[in-house]
Every structure is written in structure tokens, then in C-alpha cells.
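Chemist: In mature numbering (1 follows the signal peptide of the UniProt record, and there is no 0), the protein residues as written are -17 to -1, 1 to 375.
Quick one: the structure is below, and I'll ask about it shortly.
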Amino acid sequence: MLITKTLFLLLPLLAHAKPEHCNSKSASSTATAPLNQALVATSGRGQRWGGRPTSTASSEPEAESESDSTPPSSAVSSPVSSQPSSTVAESAFGTAGTASPTIDASSAAASSAVPPVSTGGSTTSNSTQTSSGDCSCGYILSAYDNAYFPKALVVSFDSVSSVAELANLGLRVQDGSQVGSIAPDGGKCQASADNVAIDGGILKLTVPGGQSAGGIISGAEIETMNPVLGGVFTMSAQLSPVHGTCQAIFTYTENKDLYSDEMDIEMVYIEPGLQLTNHDPSGSGLNDFENNPFPNDPTADFNDYTIGWFKDGPKYYYNGAVLTGPTQYPSVNPSKIVINNWSSGKPTFTQGPPDDDTVLQVKSIAYYYQTESLASYPAWPSGCSEADACVV
């Protein structure tokens, strides 16, 4: 165990030695969630990226386009911003509270109030709400340079009693679909609903130990049912110390037949650190990649992993601290938010399959987002203004 954790703390390899990314294909259709059971996706997903392309982006960042660099109309007179400062030092989400509300779902773990999310890391927040307690006019994220998003999906899994409730919260459990790329020996991962559990207030995504290489390897994945077009997406997670899988949170295009939008935070033991990748939405096969060493042991406790999809480009965070991230190829098309744990047994990427169970533990998620194009940022709901939004 000591050796395993030590490997996680080693400096990552050079960022340009790019392994293939760990992702899975989104289901091609969005089903309607049943009232009392989780939606389990069983449809085929076609081919996912077979790996990080051999023709990769230059390390020199691409100049921003006019649409990316143009600030929102309220930028001069309003503190609402489209891009957080690079000096952010803490998470937008605090450690207090057990409720887990959301604008877009309704259950015991979701309501339309200010989300008091429980997250990892020793971070703080200054959550407030409007005098009426109503956040239907959206959220200003104080720790992300006052970025504004009108909707939220915030879930603390200690308020979720079973996997059957996830569908009511807007989360799909994948079952039977391919996850990630195929290894040279034919090994490939298949998501199984049996590997997703709520246990002790924690969402657990498991790759069972003792599976054979070269065939079907069982893994785990969840995704949002509805696509987004911008936002701040955080999972509070504790990584498994067991080698042999890819543990990840990422955005992935809703329309895999036309586009290749993807922004990743991935963790594999062969290249320790936070692997951050943007993939060219046009499907050129190019990507932009950075790897950041962990400042602590991610297997010892829960930490916040955050993707910021802003009008001015993507940013990545660990426990609220901004990372050195890729700048080229920001996503532009509707995308789902995916969390998974998988292995293909490929020696040069996931390695494995693991001898023992590898369990990615997720304590909470906090997704603040919009479904309109970022060209319309900030997307105030009708009748709403900055004064009506909740500050979190």
C-alpha cells in the first residue's frame, strides 16, 4: 500500500508523452427516467476514441477566437465574469450541509434552494442566498471569479439511499456499453450497473479484481442525462490506491457521430498526476494535454476535481486551486458530464486488470451549468437579473 501511494505522489512524466485518454461513449439517446428506479442505459454506443491521437496539438496555445475573447455585455458594470482568475485558492463549495438540492430534479436529495454541498479538501465558501431563499434565477460562483450559471445539479450522496434514486436526480447508470478504448490483446471494458453502489453515504464505482485480460473487463460509469453547454463541474472523490484502472471525470459530446468534444480529468498509475486533455470538437484527432503532479495523496481522503467550461476557455482545478491546463480545443457542442472507473488491461495506459477491487469513491457532485450556447452568456432566465441570483 505504501509503495502504491508513493507512486501517486511521484512527479508525472513529461506532459508531451501522452497516453491514450480514458473515456466512454455516451448513449446515443436520452431516455425518460422512471419514477422509482435508476435509468440503466443498455444501448450500444459505437466506437469511442481509441486512444490519445498520435498527432497531437502543439504545446503553444492557440490564439483565442473573437467569440471566445469577447466578454459578456455585463462585464463592465457587473461582477459576473465568464472566466475565473488564475489565482483562485479555494473551492466554491464548502464542507457543511447534508441536503443536496438541484434546480432540475426533485427528491429528498434535491430541491430548488442554495446547494449546501459536502466536498473534499480543506476548503471554505461564503454561501448566501436571496432574501426569499429562491435560487430560480441562478448562481454566482464567488470562488470562480463570480462566474454565473442559471442551473444546478448538486448531490451529496449521504442523502441518497440507493442507486435506484439516481435517475430521479438526473443521473444515468451505464450498463452494457463499452467504456474506453480496446487493448491490443482485445481487452475492453464494459460498464455494469452491478458495479455502481451507494454505501455509507458514498457513491462507489468499482472495477472488480481478479478479472482476466484479453476479454471483457467489467467497469463502472455514470453520466448526466441532459447535455450542457458550459458550467463548473466538481466531484469530491477519493481515488483507489489499487493499480490497473483509469478513474476520471470529463465532459463528452452528446452527438458522437458528428463531434468529438471532450475535456478530461483522468488519473492512471502509469503516469501519476492529474491528466488534463481537451479534444478537438471537429474530430481532427488533435488534442491539447497537460499533466499536473498531485500536491497530496489522493487516495488518503476526499479531494475536489473541477472542470470549468467558460466562455473564455476551459480551466481545471484541484481542491479549488487552478491547475496548468490545456488551452486549445475547448468544447463547443452539447455534452454530458461523465464519471467512470475502468480498465482495458492495456499495458501502456490503464494496465491491469487489477488483482483486487478498485473502488472510486464519490462523496458529492456539484454541477452549475447552462444549456444555452456560451455565446449567450450570461444566460439570465426571463425576468431575472444579477441581484436575483444566489451567491455560492
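Here a beta-carbon is modelled for each residue, glycine too, at the ideal position from N, C-alpha and C.
Everything numeric in this text was worked out from a predicted model, so none of it was measured.
Take the Cβ of Ala370 as the centre, count every other Cβ of all protein chains shown within 10 Å, and call the residue buried at 16 or more, exposed below.
Modeler: By the 10 Å Cβ count, Ala370 comes out exposed.
Chemist: With distances taken between CB atoms, is the gap from Gly227 to Gln334 smaller than 8 Å?
Modeler: Yes, they are a contact pair.
Chemist: Among all the DSSP beta bridges, which residues are the ones paired with Pro297?
Modeler: For Pro297, which the question treats as bridged, DSSP gives the partners Trp292.
Chemist: Entirely within the segment 110 to 198 and at least 3 residues each: give me those beta strand (DSSP E) ranges in chain order.
Modeler: Whole beta strand (DSSP E) segments, 3+ residues: 122 to 124, 130 to 132, 134 to 139, 154 to 157, 171 to 174, 179 to 182, 185 to 190.
Chemist: For Leu306 and Ile290, I'd like the C-alpha separation in whole angstroms.
Modeler: Approximately 10 Å, taken between the alpha carbons.
Chemist: Opposite Cys229 in the DSSP bridges: which residues?
Modeler: Answer by DSSP bridge pairing, in chain order: Trp325.
Chemist: Considering Cα atoms alone, identify which of Gln344, Ile348, Trp292, Ser326 is closest to Lys171.
Modeler: Checked all of Gln344, Ile348, Trp292, Ser326; the closest Cα to Lys171 is Ser326.
Chemist: Check whether the segment 219 to 235 and the segment 336 to 346 touch, using three or more Cβ-Cβ pairs below 8 Å as the test.
Modeler: Taking 8 Å as the limit for Cβ pairs, the verdict is that the segment 336 to 346 does touch the segment 219 to 235.
Chemist: Tyr122 and Cys367: beta carbons closer than 8 Å?
Modeler: Cβ distance not < 8 Å, so Tyr122 and Cys367 don't count as in contact.
Chemist: Here's the rule I'm using: 16 or more other beta-carbon atoms within 10 Å means buried, otherwise exposed. How should Glu254 be labelled?
Modeler: Result: buried.
Chemist: Can you tell me the Cβ-Cβ gap for Gly214 and Ala174, rounded? I've got them flagged as a contact below 8 Å.
Modeler: That pair is no contact at about 24 Å.
Chemist: What are the start and end residues of the beta strand (DSSP E) that includes Val342?
Modeler: 341 to 352 is the span of the beta strand (DSSP E), which, as asked, contains Val342.
Chemist: Using alpha carbons as the reference points, say which of Ser219, Tyr312, Asp247, Lys239 lies closest to Ala231.
Modeler: Nearest of Ser219, Tyr312, Asp247, Lys239 to Ala231, Cα basis: Asp247.
Chemist: Is DSSP giving Gly27 helix, strand or coil here?
Modeler: Bear in mind that a pLDDT of 33 at Gly27, under 50, signals an unreliable position, so the model cannot answer this.
Chemist: Counting Cβ pairs, one atom from each stretch, are 3 or more of them under 8 Å apart for the segment 153 to 167 and the segment 194 to 208?
Modeler: Yes, the segment 153 to 167 is in contact with the segment 194 to 208.
Chemist: Under a Cβ-count criterion, where at least 16 other Cβ atoms within 10 Å of its own Cβ denotes burial, should Pro167 be classed as buried or exposed?
Modeler: So Pro167 counts as exposed.
Chemist: Between Ser139, Cys120, Asp141, which has its C-alpha nearest Phe132's C-alpha?
Modeler: Among Ser139, Cys120, Asp141, the Cα nearest to that of Phe132 is on Cys120.
Chemist: Can you give me the start and stop residues for the beta strand (DSSP E) that Glu254 sits inside?
Modeler: Looking at the DSSP string, Glu254 is not in any beta strand (DSSP E), and its letter there is neither H nor E.
Chemist: In three-state DSSP terms, what is Asp287?
Modeler: Here Asp287 sits in strand by DSSP.
Chemist: Start and end of the beta strand (DSSP E) containing Met218?
Modeler: From DSSP, the beta strand (DSSP E) with Met218 extends over 214 to 221.
Chemist: Could you name the residues of the same chain whose beta carbon sits closer than 6 Å to that of Gln194, not counting the 5 residues immediately before and after it, in chain order?
Modeler: Excluding positions up to five away in sequence, the list reads Ile200, Pro336.
Chemist: Do we get a CB-CB distance below 8 Å when we pair Pro337 with the residues of chain C?
Modeler: The structure shown contains no chain C; it is built from a single protein chain.
Chemist: For my contact list, Leu259 and Gly308 are in at a C-beta cut-off of 8 Å; report their separation, rounded to the angstrom.
Modeler: Sure, about 5 Å apart at Cβ, within 8 Å.
Chemist: Could you have a look at Glu206 and say whether DSSP puts it in helix, strand or coil?
Modeler: Strand.
Chemist: Where does Glu355 land, buried or exposed, given buried means 16+ other C-beta within 10 angstroms?
Modeler: Exposed, by the Cβ-count rule.
Chemist: Work out the CA separation of Pro264 and Ala135 for me, nearest whole Å.
Modeler: Roughly 25 Å between the two C-alpha positions.
Chemist: To the nearest angstrom, report how far apart Gly266 and Met218 are at their CA atoms.
Modeler: Near 27 Å, if we compare the C-alpha coordinates of Met218 and Gly266.
Chemist: Check each candidate in Ile348, Gly328, Gly184, Leu269 and name the one with the smallest Cα separation from Val251.
Modeler: If we check each option's Cα against that of Val251, Gly328 comes out closest.
Chemist: Quick check on Asn279: buried or exposed, where buried means 16 or more other Cβ atoms within 10 Å of its Cβ?
Modeler: Answer is exposed; the Cβ neighbour count stays below 16.
Chemist: When DSSP builds the beta bridges, which residues end up paired with Val374?
Modeler: Answer is Ile123, bridged to Val374.
Chemist: By a C-beta neighbour count over all protein chains shown, 10 Å radius and 16 as the cutoff for buried, is Gly284 buried or exposed?
Modeler: The residue you asked about is not Gly; residue 284 is Asp in the sequence shown. Result: exposed.
Chemist: Which of the three DSSP states, helix, strand or coil, is assigned to Ser359?
Modeler: Helix, per DSSP.
Chemist: Do you know how far the Cα of Val143 is from the Cα of Asn178?
Modeler: So the two alpha carbons sit approximately 17 Å from each other.
Chemist: List the whole-angstrom C-beta distance separating His152 from Val138, where the pair is believed to meet the contact cut-off of C-beta under 8 Å.
Modeler: It should be noted that the sequence gives Leu, not His, for residue 152. Indeed they touch by this definition, with Cβ atoms about 6 Å apart.
Chemist: Please state the DSSP three-state secondary structure of Glu369.
Modeler: Correct three-state label for Glu369: helix.
Chemist: Mind reading off the beta-carbon distance from Asn316 to Asn209? Whole number of angstroms is fine, and I expect it under 8 Å.
Modeler: Actually they do not touch by this definition, with Cβ atoms about 14 Å apart.
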